[in-house]
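In what follows, a single structure is set out as structure tokens and then discussed.
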Amino acid sequence: MELSDVVLHPVRLRVVQQFLGDRHLTTRDLQDAMPDVPTASLYRHVRVLAEHDVLAVVQERQVRGGTERTYELRSAVVGPEDARVLTPAEHRQAFLWFVSTLVADFDRYLAGPNLDPAEDRVGYRQVGLHLSDAELDQLMQEMSAVLVRFFGRDASPERRLRILSTVLLPVDPPISSTGTGGA
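Position 45, counted from 1, in the sequence shown is what my numbering calls 45; the numbers after and before it change by one each time, with no gaps.
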């Protein structure tokens, strides 16, 4: 199974999201965070993620005759090589899963107690940028440099997990500066 097939599944993508922020979690922690997912299904998806090295076991302990495993996120990136082998239909399906997971996360937020989008700094925006490939590469490098400064921070009463999702795609055909389309 390709990494994209492993990660780009609605439930497994939600599991991966629970580990964002360098969290270490047990399957029990995941059950608490995802009560809408049946227990047997959750265990099955965690097993698939572990078998494909997306999750790594960082601790095991005996609990009531069984073994409780604590996991961490190892790798959940679908990189350029994975993306090259996907068909247009597979890209569409992966994007639909991504967007549907984002919508489900937002719905869970909206259903939560003490809803205050302004106080919680909830935002969604879309901008258009005219960039060459080199300029886009520079933008991505600079954004990564900014974001990496915030990775690995421990959870605390003052901090909450926040999900930053990005989508980057070209507009075809290129639009000229006069707005009349490409050449």
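Glycine included, every Cβ here is placed at the ideal spot set by N, Cα and C.
Query	Result
Other residues of its chain near ALA183: CB distance less than 7 Å, five sequence neighbours each side excluded	Here ALA183 scores only 47 on pLDDT, less than 50, and its place in the model should not be relied on; the value that follows carries that caveat. Nothing meets the Cβ criterion.
The region 45 to 57 contacting the region 6 to 23, beta-carbon criterion three pairs below 8 Å	yes
Buried versus exposed, by CB contacts within 10 Å (16 or more), THR87	exposed
Beta-carbon separation (whole angstroms), TYR43 vs THR26, contact threshold 8 Å	In fact, because the Cβ distance is near 11 Å, the residues do not count as touching under 8 Å.
Unbroken alpha helix (DSSP H) run spanning VAL11, endpoints	10 to 18
Rounded straight-line distance, which links the Cα of PHE151 to that of ALA56	19 Å
Buried versus exposed call for GLN17 [16 or more other C-beta atoms within 10 Å across all chains shown]	buried
Closest by C-alpha distance to SER132, when choosing among VAL7, GLU72, PRO170 and ARG23	PRO170
Distance, MET143 Cα to ARG153 Cα	18 Å
Pairwise C-alpha distance: THR67 and PHE98	32 Å
Extent of the continuous alpha helix (DSSP H) run through ARG47	39 to 51
Contacts around VAL37, its chain only, beta-carbon distance under 7 Å, and the 5 residues preceding and following it disregarded	VAL11
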